[in-house]
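Residue numbers (my numbering): 1386 to 1855. One structure is given here, and the rest of the page talks about it.
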């Protein structure tokens, strides 16, 4: 029994030691676990501290980036809202279906289908077809939208809505036609860079159209759409376009004048801009007298030199125009025709009370005698005529060859008719003016190509031809 008890004690002691050993190991494990937790917590705290420090150190840069992102978001929403406000409901038919196209088809495919369908449904080709007229209108309307990339995009994105366009009678300038129409011409252009989704462009359109109706015969009007012709704007417009619409007058030599009052534009102000900045090739009395002084000196030099030299003045090529008028300002039609013919005639404007101050006595006498012929009382030739505007064509010998009453409506015809009384040396600059059609009047040019204009034989030949065709 004692041995048994001893064994029990041994077992108990062993068990106790084992428990103590386990307890020691457990406490040590708990400490390590606690230390690990503390370490992890400390690391997380350090991470947050570092992040906060980074934010504090870069707060300005972060603010700029956030502001930029916010601005982009607002700009996107603004543009989206702006474009949507310029959309209107389309027709009750599908534009793609009417042109027998699919949404993914190219513009070339759309154009081809339009041409094919136009041949089939054109009213002139189907005079007995009752529905062809409306069908052709629908085809044309669908083509107008789908053949234009910006309109097509608006139609596709808005599920059938169409972009409201700012219509105009002026010429639509684009990358394809700009060089031929503008850069290769000798005309002055007034050009508007606009946007269909800009409210200022829309409000200015009425002012633009009124100016077009009044002045399009004298200056070319063209528009560039900023939504589809960015390449043209970036490469051909001679300055950076910052607002819409931007309007400027462009000269053949590339110089330009910008209309600066766009925010306060009015019909009167805009038309004054056009007339004020149009080039003035009409010279005054001072310039006329100076021209005669130069010509006189030139003749004297010629007399001292080779007397056998024949100049082009012998064929009466160097005519001049004198406009006799008491107006303080010349109208745009008169300015335009003087510019168009400036490579053929020099145009001078003198008032009636300036006739006595003409330095060339021969010209002065010619003008006085011409006015007397038009007067009832010869001695009152000034009083009877001073309210009338006259066109006088003067030759190189200071003789008045033509005198005609003029107005803004007939000035172009008067200048053109004067060409028939002269032999003109045609060049690349004046050929459009000399050989152009004016209204219903057709002008035919009889061209003679010669190697020397100052050869006596050639000049006599020209004179003989001139007599025959006159």
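Glycine residues also receive a C-beta, built at the ideal position from the N, C-alpha and C atoms.
Roughly how many angstroms separate the alpha carbons of residue i and residue j, rounded to a whole number?
i: residue 1599; j: residue 1496; result: 35 angstroms
i: residue 1773; j: residue 1710; result: 7 angstroms
i: residue 1727; j: residue 1666; result: 7 angstroms
i: residue 1603; j: residue 1575; result: 11 angstroms
i: residue 1455; j: residue 1630; result: 27 angstroms
i: residue 1562; j: residue 1571; result: 15 angstroms
i: residue 1801; j: residue 1584; result: 44 angstroms
i: residue 1688; j: residue 1678; result: With a pLDDT of 49 at residue 1688, under the threshold of 50, the predicted position of this residue should be treated as unreliable, and no value is reported.
i: residue 1836; j: residue 1643; result: 44 angstroms
i: residue 1833; j: residue 1770; result: 41 angstroms
i: residue 1446; j: residue 1435; result: 17 angstroms
i: residue 1804; j: residue 1591; result: 39 angstroms
i: residue 1748; j: residue 1597; result: 40 angstroms
i: residue 1693; j: residue 1848; result: The predicted position of residue 1693 is uncertain, since its pLDDT is 43 and thus under 50; a value taken from the coordinates is nonetheless stated next. For residue 1693 and residue 1848, the distance between alpha carbons rounds to 19 angstroms.
i: residue 1633; j: residue 1538; result: 30 angstroms
i: residue 1662; j: residue 1761; result: 41 angstroms
i: residue 1766; j: residue 1724; result: 30 angstroms
i: residue 1714; j: residue 1721; result: 13 angstroms
i: residue 1378; j: residue 1569; result: In this structure the chain extends from 1386 to 1855, so residue 1378 is not present and cannot be described.
i: residue 1841; j: residue 1675; result: 29 angstroms
i: residue 1593; j: residue 1763; result: 48 angstroms
i: residue 1626; j: residue 1850; result: 54 angstroms
i: residue 1431; j: residue 1453; result: 31 angstroms
i: residue 1359; j: residue 1521; result: In the structure as shown, the chain starts at 1386 and stops at 1855, and residue 1359 therefore has no counterpart that could be examined.
i: residue 1457; j: residue 1448; result: 14 angstroms
i: residue 1737; j: residue 1672; result: 16 angstroms
i: residue 1606; j: residue 1816; result: 22 angstroms
Please state whether DSSP places residue i in a helix, a strand or coil.
i: residue 1607; result: strand
i: residue 1776; result: strand
i: residue 1792; result: coil
i: residue 1455; result: helix
i: residue 1762; result: coil
i: residue 1515; result: coil
i: residue 1574; result: strand
i: residue 1715; result: coil
i: residue 1743; result: coil
i: residue 1432; result: helix
i: residue 1731; result: strand
i: residue 1537; result: helix
i: residue 1666; result: coil
i: residue 1466; result: Note that residue 1466 scores 46 on pLDDT, short of 50, meaning its location in the model is unreliable; the coordinates nonetheless yield the value given after this. Residue 1466: helix per DSSP, three-state reduction.
i: residue 1613; result: coil
i: residue 1492; result: helix
i: residue 1634; result: strand
i: residue 1644; result: coil
i: residue 1619; result: helix
i: residue 1709; result: strand
i: residue 1556; result: strand
i: residue 1786; result: strand
i: residue 1677; result: helix
i: residue 1579; result: strand
Among residues of its own chain, excluding the 5 on either side of residue i, which ones have a beta-carbon nearer than 6 angstroms to its beta-carbon?
i: residue 1518; result: 1508
i: residue 1830; result: 1820
i: residue 1502; result: 1524
Which residues in the same chain as residue i place their Cβ atom closer than 7 angstroms to its Cβ, once the five residues preceding and following it in sequence are excluded?
i: residue 1511; result: 1517
i: residue 1586; result: 1551, 1579, 1580, 1629, 1630
i: residue 1730; result: 1704, 1705, 1706
i: residue 1658; result: 1644
i: residue 1783; result: 1745, 1747, 1748, 1751
i: residue 1478; result: 1523
Based on Cα-Cα distance, which residue from the options lies nearest to residue i?
i: residue 1793; options: 1563, 1589, 1716, 1528; result: 1716
i: residue 1646; options: 1638, 1656, 1637; result: 1656
i: residue 1527; options: 1555, 1513, 1487, 1429; result: 1487
i: residue 1615; options: 1429, 1534, 1490, 1765; result: 1534
i: residue 1786; options: 1755, 1765, 1734, 1759; result: 1755
i: residue 1718; options: 1633, 1432, 1522, 1660; result: 1660
i: residue 1506; options: 1493, 1494, 1524, 1491; result: 1524
i: residue 1779; options: 1712, 1764, 1708, 1606; result: 1708
i: residue 1637; options: 1733, 1564, 1654; result: 1564
i: residue 1796; options: 1782, 1776, 1494, 1781; result: 1776
i: residue 1554; options: 1567, 1530, 1595, 1521; result: 1595
i: residue 1541; options: 1850, 1481, 1558, 1450; result: 1481
i: residue 1531; options: 1850, 1635, 1492; result: 1492
i: residue 1758; options: 1789, 1736, 1781, 1733; result: 1789
i: residue 1648; options: 1438, 1846, 1589, 1451; result: 1589
Give a yes or no on whether the minimum CB-CB distance between residue i and chain D is below 8 angstroms.
i: residue 1631; result: The chain labelled as chain D is not found in the depicted structure, where only one protein chain is given.
Got a sec? Which residues, its chain only, sit under 8 angstroms from residue i by beta carbon, not counting five neighbours each side?
i: residue 1752; result: 1707, 1709, 1740, 1743, 1777, 1785
i: residue 1484; result: 1495, 1498, 1499, 1502, 1524, 1527, 1528, 1531
i: residue 1639; result: 1623
If you measure from the CB of residue i, is any heavy atom of the ligand SAH nearer than 7 angstroms?
i: residue 1583; result: Of ligands this structure carries none, so the ligand SAH is not represented either.
Tell me, please, whether the region 1605-1622 touches the region 1580-1587 by the rule of three or more beta-carbon pairs shorter than 8 angstroms. Contact between the region 1605-1622 and the region 1580-1587 is present: 3 or more CB-CB pairs across the two stretches fall below 8 angstroms.
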